[in-house]
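Protein chains in written order, with the numbering used here: chain A, 16 to 280; chain B, 113 to 424.
Below: the structure, in structure tokens.
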């Protein structure tokens, strides 16, 4: 499905965070959201997901506003991978992933065999089937993040919203998550993810949005949006962008910051 | 066991006689003890223990905290104040029960209103704080009534009731309590999968398709109904709603579909055991509310010390 965010203003009661944000994500497209800490990325995501009420503007899926949608319908459309936090109870990883099926289950029902199979399939896709019977509270941060992605996958969403899915992951797990992002997009899911690493945008995003102080300062192809000037302006560091040949042969770009005195743009 | 011993063989003969309708050759006092006093008391202990444990399991899931108890919403304090007020006003038993129930529900409503008024980013924390506030206020109300009560007639009755006791229970008490307990239990069991999702942070549960506001309302209403119904007949018996669900979780894990029946079985068995010990350990009866605290406090300290996850 096609996600369209139109002139969205977002924030908390009495505390606006951002406004005038518009973008679209097509099925199978990956949009990477970059921006400094406190720039409003998480708040924007929560508003798109209707976990926060939009102060103005509209979120549309295939042209239809989601404003009046009941929770289960929203949950069957939007998958959400939040930043991993601990829950208080020692559910197994399989149970956590099964919770992703909730919107497909009647309010008084329990997961069916089909739901269990969907959960196991999601675990297998993420390569963490061996964790299924471990306690969610006992696994590592990276494994927890992968479990949350599996849960969102079990949700069978059309749009996947991932809030810093690679934060707190080691290098190997970061690459594995980005590989998953590419695979899921290949299935026709529209994906938005936020990150602090511009190189990830070069690796797997079709388009990049730069969010700073609650406003979109740039939106477009990674090579156009991520420039030394823009990164200098929003992060206050000087950066060189180099083209390198990747291990599989294709060319990609990387950002190399300088530790010298920050430049004033 | 107890002050009027009835041996197992007598009990079996009596039950057989009752079941076949044949006259029994046992003294009529035995029949009175078994069917009018001990029988209802045993059933009441099972039902009350199960109801308190079920309500505790529901509150713990809802508040995402394995160490909270049904008391946090001011339910017990509200029901206690209602009953104490009823005793002070010399109302009859049914009216006392009704008053306990009404004030218990009103206490939860007040907690809800106060927390809505104080609304901050963390609605659950606000709810707990509001529960503490209302509970303290109701505790003062109870003290005020005790201060005003007739010290020879009413005060002993109030104190006795506040300690929690199963000794005065009749079949009629039991019959007036069970429907309310069942009415609270049915939605909790039906919503057992949603209850698992409710243990996630609020925004995650909503993102997974659960209307958390409505769920919270239904679960609190159901658990409160059960708590108020049993507190109104047995007095305040603490600690069961806190410790038993925890023990059940250690046994069968946190899945609510398994946790709820396990907690009910353990809760019923635990209260029956405590009550039986209470009425046999000494020449006078030790109220079960006192014994559950004697057992509960050390176990709670131990739980705090060994809890891997601690307060969440």
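All residues carry an ideal CB built from backbone N, CA and C; glycine is no exception.
Only a predicted model underlies this, so the values are computations on that prediction, with no experimental measurement involved.
request  = Identify whether residue 151 of chain A lies in helix, strand or coil by the three-state DSSP scheme.
outcome  = On the first chain, position 136 is the one that residue 151 of chain A refers to. Note: residue 151 of chain A maps to helix in three-state DSSP.
request  = Take residue 192 of chain A as the anchor and find which of A:230, A:203, A:208 has the nearest alpha-carbon.
outcome  = The count along the first chain starts at 1 and reaches residue 192 of chain A at position 177. Nearest option by C-alpha distance: A:208.
key: Residues within the segment 52-72 of chain A neighbouring chain B, beta-carbon criterion of under 8 Å   = 61, 64, 66
Proximity test, Cβ basis, 9 Å: residue 316 of chain B and chain A = Within the second chain, numbered from 1, the residue matching residue 316 of chain B stands at position 204. Answer yes: the Cβ-Cβ gap between residue 316 of chain B and chain A drops below 9 Å somewhere.
query = Using the beta-carbon of each residue, which ones in chain A are nearer than 7 Å to residue 323 of chain B?
reply = Within the second chain, numbered from 1, the residue matching residue 323 of chain B stands at position 211. Within 7 Å Cβ-Cβ: 86.
message = To the nearest angstrom, how far is the alpha carbon of residue 56 of chain A from that of residue 220 of chain A?
response = Residue mapping note: residue 56 of chain A aligns to position 41 of the first chain, counting from 1. Residue mapping note: residue 220 of chain A aligns to position 205 of the first chain, counting from 1. Residue 56 of chain A and residue 220 of chain A: Cα-Cα distance of roughly 16 Å.
inquiry  = According to DSSP, simplified to helix, strand and coil, what is residue 268 of chain A?
reply    = Taking the first residue of the first chain as 1, we reach residue 268 of chain A at position 253. Looking at residue 268 of chain A - three-state DSSP - the assignment turns out to be strand.
Within the segment 81-111 of chain A, ranges of the alpha helix (DSSP H) (whole runs, at least 4 residues) = 86-92
message = Check whether chain B comes within 9 Å of residue 25 of chain A, counting only Cβ atoms and requiring the distance to be less than that.
response = In the first chain, residue 25 of chain A corresponds to position 10, counting from 1. Not one chain B Cβ lies under 9 Å of residue 25 of chain A.
inquiry  = Mapping the DSSP letters down to three states, classify residue 31 of chain A as helix, strand or coil.
reply    = For the purposes of this step, residue 31 of chain A is taken as residue 16 along the first chain, with counting starting at 1. DSSP places residue 31 of chain A in strand when its eight states are reduced to three.
query = Among B:229, B:160, B:192, B:239, which one has its Cα closest to the Cα of residue 171 of chain B?
reply = Here residue 171 of chain B is taken as the residue at index 59 of the second chain, counted from 1. Considering only alpha carbons, the answer is B:239.
key: Given residue 437 of chain B as reference, the closest of B:174, B:123, B:288, B:264 once Cα atoms are compared   = Since the first residue shown for chain B is 113 and the last is 424, residue 437 of chain B is missing from the structure and cannot be characterised.
task = Select from A:197, A:175, A:174, A:212 the residue whose C-alpha is nearest the C-alpha of residue 183 of chain A.
result = Working through the first chain from its first residue, we reach residue 183 of chain A at position 168. The candidate whose alpha carbon is nearest that of residue 183 of chain A is A:212.
task = Quick one: grab the DSSP three-state call for residue 424 of chain B.
result = As a first step, residue 424 of chain B is located in the second chain; it is residue number 312 there, counting from the start. Note that residue 424 of chain B scores a pLDDT of 37, beneath 50, so its modelled location is shaky; the value from the coordinates is reported in the next line. Reduced to three states, the DSSP call for residue 424 of chain B is coil.
key: Helix, strand or coil at residue 22 of chain A [DSSP, three-state]   = The residue you call residue 22 of chain A lines up with position 7 of the first chain. Note: residue 22 of chain A maps to strand in three-state DSSP.
message = Can you give me the C-alpha to C-alpha distance between residue 214 of chain A and residue 259 of chain A, rounded to a whole angstrom?
response = Residue 214 of chain A sits at position 199 when you count from the first residue of the first chain. Residue 259 of chain A sits at position 244 when you count from the first residue of the first chain. Their Cα atoms are separated by approximately 12 Å.
Contact set between residue 177 of chain A and chain B, taken where Cβ atoms lie within less than 8 Å = One-based indexing of the first chain puts residue 177 of chain A at position 162. Here the premise fails: no neighbours, minimum Cβ distance about 12 Å.
task = Leaving out five residues on either side along the sequence, give the residues of the same chain with a beta carbon under 6 Å from the beta carbon of residue 421 of chain B.
result = As a working mapping, residue 421 of chain B is identified with position 309 in the second chain. With a pLDDT of only 47 at residue 421 of chain B, under 50, the local geometry of the prediction cannot be trusted, and the value read off the model is given with reservation. Excluding positions up to five away in sequence, the list is empty.
request  = Would you tell me roughly how many angstroms separate the C-alpha atoms of residue 406 of chain B and residue 226 of chain A, rounded to the nearest one?
outcome  = Residue 406 of chain B sits at position 294 when you count from the first residue of the second chain. Residue 226 of chain A sits at position 211 when you count from the first residue of the first chain. Cα to Cα, residue 406 of chain B sits roughly 58 Å from residue 226 of chain A.
task = Would you grab the beta carbon distance between residue 400 of chain B and residue 256 of chain B for me? Rounded to a whole angstrom, and I think it's under 8 Å.
result = Translated into positions along the second chain, residue 400 of chain B becomes position 288. Translated into positions along the second chain, residue 256 of chain B becomes position 144. The Cβ separation is near 26 Å, so there is no contact.
request  = Compute the beta-carbon to beta-carbon distance between residue 215 of chain B and residue 246 of chain B, rounded to the nearest angstrom, for a pair I have assumed lies under 8 Å.
outcome  = By one-based count along the second chain, residue 215 of chain B stands at place 103. By one-based count along the second chain, residue 246 of chain B stands at place 134. About 11 Å separates the two Cβ atoms, so there is no contact after all.
query = So, is the C-beta of residue 156 of chain A closer than 9 Å to a C-beta in chain B?
reply = Residue numbering aside, residue 156 of chain A sits at position 141 when the first chain is read from its first letter. So, not an interface residue.
query = In the DSSP assignment, what residue or residues form a beta bridge with residue 174 of chain A?
reply = One-based indexing of the first chain puts residue 174 of chain A at position 159. In the DSSP output, where bridge partners are listed per residue, residue 174 of chain A has A:93, A:205.
request  = For residue 117 of chain A, return the contacting residues in chain B, with the cut-off set at a CB-CB distance below 9 Å.
outcome  = On the first chain, residue 117 of chain A is found 102 positions in, with the first residue counted as 1. Within 9 Å Cβ-Cβ: 305, 306, 308, 309, 317, 320, 321, 322.
query = Nearest-angstrom Cα distance between residue 71 of chain A and residue 24 of chain A?
reply = The sequence position of residue 71 of chain A within the first chain is 56, counting from 1. The sequence position of residue 24 of chain A within the first chain is 9, counting from 1. So the alpha carbons of these two residues sit roughly 5 Å apart.
key: Contact residues within the segment 362-381 of chain B, judged by C-beta distance below 8 Å to chain A   = 365, 366, 367, 369
key: Beta-carbon separation (whole angstroms), residue 112 of chain A vs residue 137 of chain A, contact threshold 8 Å   = Mapped onto the first chain, residue 112 of chain A falls at position 97. Mapped onto the first chain, residue 137 of chain A falls at position 122. Yes, residue 112 of chain A and residue 137 of chain A are in contact; Cβ-Cβ is about 6 Å, under 8 Å.
key: residue 120 of chain A: contacting residues in chain B (beta-carbon distance under 8 Å)   = On the first chain, position 105 is the one that residue 120 of chain A refers to. Chain B residues near residue 120 of chain A: 305.
query = By a C-beta neighbour count over all protein chains shown, 10 Å radius and 16 as the cutoff for buried, is residue 158 of chain A buried or exposed?
reply = Locating residue 158 of chain A in the first chain gives position 143, counting from the first residue. Flag for residue 158 of chain A reads buried.
inquiry  = Using beta carbons (cut-off 9 Å, strictly below), is residue 166 of chain A in contact with chain B?
reply    = For this step, residue 166 of chain A is matched to residue 151 along the first chain. For residue 166 of chain A, the answer is yes, since a Cβ of chain B falls inside 9 Å of its Cβ.
Residue 149 of chain B - containing beta strand (DSSP E), residue span = Residue 149 of chain B sits at position 37 when you count from the first residue of the second chain. It is not in any beta strand (DSSP E) - residue 149 of chain B carries neither H nor E in the DSSP assignment.
message = Using a Cβ-Cβ cutoff of less than 8 Å, which residues in the same chain neighbour residue 397 of chain B once the five nearest sequence positions on both sides are dropped?
response = Within the second chain, numbered from 1, the residue matching residue 397 of chain B stands at position 285. So the qualifying residues of the chain are 277, 279, 390, 391.
ask   = For residue 100 of chain A, is the classification buried or exposed, using 16 other Cβ atoms within 10 angstroms of its Cβ as the cut-off for buried?
value = Locating residue 100 of chain A in the first chain gives position 85, counting from the first residue. So residue 100 of chain A counts as exposed.
task = Rounded to whole angstroms, what's the CA-CA distance from residue 331 of chain B to residue 196 of chain B? Just pull it up for me.
result = As a position in the second chain, residue 331 of chain B is number 219, starting the count at 1. As a position in the second chain, residue 196 of chain B is number 84, starting the count at 1. Going from the Cα of residue 331 of chain B to the Cα of residue 196 of chain B covers about 27 Å.
inquiry  = Let me check one thing: in DSSP terms, what residues is residue 224 of chain A bridge-paired to?
reply    = Within the first chain, numbered from 1, the residue matching residue 224 of chain A stands at position 209. Answer is A:48, A:234, bridged to residue 224 of chain A.
request  = Apply the 10 Å Cβ neighbour rule to residue 80 of chain A and answer buried if 16 or more other Cβ atoms are within range, or exposed otherwise.
outcome  = Taking the first chain and counting its residues from 1, the one referred to as residue 80 of chain A is at position 65. Under this definition residue 80 of chain A is an exposed residue.
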